[in-house]
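S.K.:
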Amino acid sequence: MAEAAQTQKHGFQTEVKQLLNLMIHSLYSNKEIFLRELVSNASDAADKLRFKALSDNSLYGDDGDLRVRITIDKENRTLTISDNGIGMTRDEVMTNLGTIAKSGTAEFFGQLSGDEAKDSKLIGQFGVGFYSAFIVADEVTVRTRSAYEPAENGVEWNSKGEGEFEVADTQKSQRGTDIILRLKDDADEFLDDFRIRGVINKYSEHLSIPVQMWKEAVEEQKNDDGEVITPAQDARWETVNSGQALWTRDKADISDEEYKEFYKTVAHDFDDPLLWSHNKVEGTHEYTSLLYVPKRAPWDLWNREQQQGVKLYVKRVFIMDDAEQLMPTYLRFVKGLIDTNDLPLNVSREILQDNKITRSMRNGSTKKVLQMLKKLAKDDAEQYQGFWDTFGNVLKEGPAEDSGNRERIAELLRFASTHTDEQTQNVSLDDYLERMKEGQDKIYYIVADSFEAAKNNPALEIFRKKGIEVLLLSERIDEWLMSHLTEFKEKPLQSVTRGDLDLGDLDDEEDKAEQEKSEEAFKAQLERFEKALGERVKKVRVTHRLTNSPACIITDDHDMSTQMAKLMEAAGQKVPETKYIFEVNPDHPLVVKMQGKNDEEFAEWAQVLLDQATLAERGNLKDPASFVARLNKLMLNA
């Protein structure tokens, strides 16, 4: 331990205190998870050193064989996990062991259910894996030295998990990190060599770095003269995992259980994956991919700036984590890796950005993921519905981001519709096409602030009367989606609240004749509406959409839609004011009664109808006080 003068005491971040309390007092159902997390972190540290050493080989010093070592000391009741990876500086120790990155703790606690078995699976998913050590330890000491620092710049961190930790300078001859756990009285099982080996085989079998344990006995060796040779220190360490990268093996030789356990290693997830795909691509560019779709969404799924989940390997050497160039943003939930022989070991993110090999791997892997999802949707609708409920809104980013796969993505989309009773988004565009009425040549949809607002919008009245299905969209991203998804299998998608309504062959000759007759008879009243509403509207016309409501507002084909304007306003952008087309139902009793009013009263009623229609479409008014005053006045007069 360093001298007292060099020791500093610190308080944990508030969220860490909560987390430690949870670790120490609540999560006992799956104690062994701590070892998986600490070994995985040690492996990551070795991978990072290997990558840094590509440009600075001196970082290896005289210790180039990377490994993780686990030591049991029964007498002192300690378990030590050591690595000779990249190590940490004092600043990195403060950052990594005193706080939780990305403020993930709030989301972590928000997902806790009170069920120990389920809650323990969240560890690792939120970057809190190190703290799982306190499930089995009443004191944790970390001794570390960065590969960039000399021996005298080692750092020691110590905590009993009671709200404080100490950091001191220390001498450390080897780079890397030692984590020393002083085990609790009820954690005797982790002082057992056989038990530790079993946990490593379960969780860390396919790490590409060797995990070693001390051999109590070694086979006696003698020299030519018959003298016993004292074994070298390293000969007493035994590698207890295979050390063979799973993705390099033949698919036929890998069991589902092995795939699932490997997923948990690369994804820091304790649930099994939903599905996976293991492929070796040969041809102009050769690479192997092992890609997983999780069951559970990560807490930061909606942060488009978050790092992606695909690792890049070159010739089985780890190059970088979260290589965003290997998977499009709308598939950021995908975990796994890609290993290629076609890139140099010193490849950088900048080189990846404009590299045709990278583009080839990205395109191939993207199509593979979309094929996986399409097969799942076909083979197991219930499982796919679970995927859609979890990741569907992320997938909706695809048509805008990836025009080359727009049709493939569109096949995977799911919607609510007027032909389903529930809010569940379970209608595919192929389902819609199969149910289209004879003579229908468009796919109709509506976007609104909520499912109820979409379902009850007056613009749907004529569609219900004629039995025409309309897709009901109510997520914030839906307007963005539909602005890029303009057709599907040669059928245009048409909003029911934009432009002229032309039902084509779905309107019979009798309907068309009746519409023309109504428009002609209502010409004089249209002029009264136009005079009363003036600049508030773009134009006034007779509606063909409404059967039960007196009026509605419609966006012109060339104007920004209501939902797009709201989306841009929410993003802080200035949006030009949209003037709506005001459509009136001449057969509605209220409109009929208005015809007998004088111009002043008619204008008041016209303003009320416009405000009502605006409320139905936008959900708000610019001047609600005037609407209330006008409505009160008319009610009093009535």
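First residue of the sequence shown? That's 1 in the UniProt record's numbering, and the numbers climb one at a time after it. Glycine included, C-beta positions come from ideal geometry on N, C-alpha and C.
(1) Looking at the secondary structure, which residues open and close the alpha helix (DSSP H) in which residue 398 lies?
(2) How many Å lie between residue 11 and residue 141 at the Cα?
(3) The beta strand (DSSP E) with residue 640 in it runs from where to where?
(4) DSSP three-state call for residue 198: helix, strand or coil?
(5) Rounded C-beta distance between residue 457 and residue 446? I'm assuming under 8 Å.
(6) Using the beta-carbon count (16 or more within 10 Å), is residue 365 buried or exposed?
(7) At 4 residues or longer, and completely inside the region 150-209: list those alpha helix (DSSP H) runs for me, N to C.
(8) Is the region 183-199 close to the region 156-174, with three or more CB pairs under 8 Å?
(9) Counting C-beta neighbours from all protein chains within 10 Å, is the total for residue 298 16 or more, i.e. buried, or is it exposed?
(10) Quick one: Cα of residue 264 to Cα of residue 387, how far?
(11) State the DSSP-derived secondary structure class of residue 265, mapped to helix, strand or coil.
(12) Can the beta-carbon of residue 133 be found closer than 7 Å to that of residue 7?
(13) Check each candidate in 295, 367, 87, 296 and name the one with the smallest Cα separation from residue 326.
(14) With distance defined between alpha-carbon atoms, name the residue in 571, 188, 48, 271 nearest to residue 73.
(15) Taking residue 8 as part of the beta strand (DSSP E), name the residues at either end of that continuous run.
(16) By the DSSP assignment, the alpha helix (DSSP H) with residue 549 in it spans what residues?
(17) Using the rule of at least 16 other Cβ atoms within 10 Å of the residue's Cβ for burial, across every protein chain shown, is residue 292 buried or exposed?
(18) For residue 577 and residue 488, I'd like the C-alpha separation in whole angstroms.
(19) In whole angstroms, what is the alpha-carbon distance linking residue 569 and residue 624?
(20) Give every residue of the same chain whose Cβ lies closer than 7 Å to the Cβ of residue 399, excluding the five residues on either side of it in the sequence, and list them in chain order.
(21) For a test of the three-state rule: what should DSSP assign to residue 628, helix, strand or coil?
(22) What is the DSSP secondary structure of residue 568, counted as helix, strand or coil?
(23) How many Å lie between residue 79 and residue 295 at the Cα?
(24) Give every residue of the same chain whose Cβ lies closer than 8 Å to the Cβ of residue 370, excluding the five residues on either side of it in the sequence, and list them in chain order.
(25) Exposed or buried, which one is residue 558 when buried takes at least 16 other CB atoms within 10 Å?
(26) Do residue 275 and residue 311 count as a contact pair if the criterion is CB distance below 7 Å?
(27) Cα separation between residue 117 and residue 238?
(28) Can you say whether residue 283 is buried or exposed, counting buried as having 16 or more other CB atoms within 10 angstroms of its CB?
(29) Throw me the rounded Cβ distance for the residue 584 and residue 551 pair, which I believe falls under 8 Å.
(30) Short check: CB of residue 204 to CB of residue 285, under 7 Å?
(31) Quick check on this structure: which residue in 535, 611, 414 has the alpha carbon closest to the alpha carbon of residue 630?
(32) Identify, in the order they occur along the chain, each residue of the same chain with its Cβ nearer than 6 Å to the Cβ of residue 590, setting aside the five sequence neighbours on each side.
(33) Below 8 Å on the Cβ atoms is my guess for residue 402 versus residue 330; work out the distance and round it to an integer in Å.
(34) Using the Cβ count rule (16 or more neighbours within 10 Å means buried), how would you classify residue 148?
(35) First and last residue of the alpha helix (DSSP H) that includes residue 365?
(36) Can you say whether residue 525 is buried or exposed, counting buried as having 16 or more other CB atoms within 10 angstroms of its CB?
M.R.: Here's the rundown:
(1) Numbered from 1 along the sequence shown, position 398 holds the residue referred to as residue 398. Start and end: 398-401.
(2) Numbered from its first residue, the sequence shown carries residue 11 at position 11. Numbered from its first residue, the sequence shown carries residue 141 at position 141. Looking at the two C-alpha atoms, the distance is approximately 16 Å.
(3) Nothing about residue 640 can be reported from this structure: the residues present for the chain run from 1 to 638 only.
(4) By 1-based counting over the sequence shown, the position of residue 198 is 198. Of the three classes helix, strand and coil, the one that applies to residue 198 here is helix, per DSSP.
(5) As a working mapping, residue 457 is identified with position 457 in the sequence shown. As a working mapping, residue 446 is identified with position 446 in the sequence shown. Contact between residue 457 and residue 446 holds, since their C-beta atoms are separated by about 6 Å, short of 8 Å.
(6) Taking the sequence shown and counting its residues from 1, the one referred to as residue 365 is at position 365. Burial check for residue 365: the Cβ neighbour count within 10 Å reaches 16 or more, so the residue is buried.
(7) List check, alpha helix (DSSP H) in window: 193-203.
(8) The region 183-199 vs the region 156-174: no contact.
(9) Taking the first residue of the sequence shown as position 1, residue 298 is located at position 298. Burial call: buried.
(10) Here residue 264 corresponds to residue number 264 of the sequence shown, with the count starting at 1. Here residue 387 corresponds to residue number 387 of the sequence shown, with the count starting at 1. Cα to Cα, residue 264 sits roughly 18 Å from residue 387.
(11) Numbered from 1 along the sequence shown, position 265 holds the residue referred to as residue 265. Reduced to three states, the DSSP call for residue 265 is helix.
(12) Counting from one through the sequence shown, the residue named residue 133 turns up at place 133. Counting from one through the sequence shown, the residue named residue 7 turns up at place 7. Their beta carbons are not under 7 Å apart, which means residue 133 does not touch residue 7 by this criterion.
(13) On the sequence shown, residue 326 is found 326 positions in, with the first residue counted as 1. Out of 295, 367, 87, 296, 367 has the C-alpha closest to the C-alpha of residue 326.
(14) In the sequence shown, counting from the first residue as 1, residue 73 sits at position 73. Among 571, 188, 48, 271, the Cα nearest to that of residue 73 is on 188.
(15) Position 8 of the sequence shown, counting from 1, holds the residue named residue 8. For residue 8, the uninterrupted beta strand (DSSP E) run begins and ends at 8-11, by DSSP.
(16) Here residue 549 corresponds to residue number 549 of the sequence shown, with the count starting at 1. Note, residue 549: premise wrong, no alpha helix (DSSP H); not H, not E.
(17) Position 292 of the sequence shown, counted from the first residue, corresponds to residue 292. Classification of residue 292: buried, given that the 10 Å Cβ count is 16 or more.
(18) To locate residue 577, count along the sequence shown from 1; it is residue 577. To locate residue 488, count along the sequence shown from 1; it is residue 488. Approximately 31 Å, taken between the alpha carbons.
(19) For the purposes of this step, residue 569 is identified with residue 569 of the sequence shown, where counting begins at 1. For the purposes of this step, residue 624 is identified with residue 624 of the sequence shown, where counting begins at 1. Spanning the two alpha carbons is a distance of roughly 19 Å.
(20) Walking along the sequence shown from the start, residue 399 turns up at place 399. Hits under 7 Å: 406, 409, 410, 481, 484, 485.
(21) Mapped onto the sequence shown, residue 628 falls at position 628. Assignment of residue 628 by DSSP, reduced to helix, strand and coil, places it in the helix class.
(22) Residue 568 sits at position 568 when you count from the first residue of the sequence shown. Secondary structure of residue 568 (DSSP, three-state): helix.
(23) Counting from 1 along the sequence shown, the entry for residue 79 is found at position 79. Counting from 1 along the sequence shown, the entry for residue 295 is found at position 295. Each residue's CA atom was taken as its position, placing residue 79 and residue 295 some 33 Å apart.
(24) As a position in the sequence shown, residue 370 is number 370, starting the count at 1. Correct list, in chain order: 405, 408, 409, 412.
(25) As a first step, residue 558 is located in the sequence shown; it is residue number 558 there, counting from the start. Residue environment analysis places residue 558 among the exposed positions, since fewer than 16 neighbouring C-beta atoms fall within 10 angstroms of its C-beta.
(26) Stepping through the sequence shown from its first residue, residue 311 is reached at position 311. Stepping through the sequence shown from its first residue, residue 275 is reached at position 275. 7 Å or more divides the Cβ of residue 311 from the Cβ of residue 275.
(27) Translated into positions along the sequence shown, residue 117 becomes position 117. Translated into positions along the sequence shown, residue 238 becomes position 238. Because residue 117 carries a pLDDT of 48, less than 50, the predicted location of this residue cannot be relied on, and no value is offered for it.
(28) Within the sequence shown, the letter at position 283 stands for residue 283. Exposed.
(29) Indexing the sequence shown from 1 puts residue 584 at position 584. Indexing the sequence shown from 1 puts residue 551 at position 551. That pair is a contact at about 5 Å.
(30) Locating residue 204 in the sequence shown gives position 204, counting from the first residue. Locating residue 285 in the sequence shown gives position 285, counting from the first residue. Taking 7 Å as the Cβ cut-off, residue 204 and residue 285 do not qualify as a contacting pair.
(31) As a position in the sequence shown, residue 630 is number 630, starting the count at 1. Checking every option, the nearest Cα to that of residue 630 belongs to 611.
(32) Within the sequence shown, residue 590 is the residue found at index 590, counting from 1. Correct list, in chain order: 550.
(33) Position 402 of the sequence shown, counted from the start, is the residue given in the question as residue 402. Position 330 of the sequence shown, counted from the start, is the residue given in the question as residue 330. By a beta-carbon distance limit of 8 Å, residue 402 contacts residue 330. Their separation comes to about 7 Å.
(34) Here residue 148 is taken as the residue at index 148 of the sequence shown, counted from 1. Counting the other Cβ atoms within 10 Å of the Cβ of residue 148 gives fewer than 16, which makes it exposed.
(35) The residue given as residue 365 occupies position 365 in the sequence shown. First-last of the alpha helix (DSSP H) with residue 365: 356-379.
(36) Translated into the one-based positions of the sequence shown, residue 525 becomes position 525. That one is buried.
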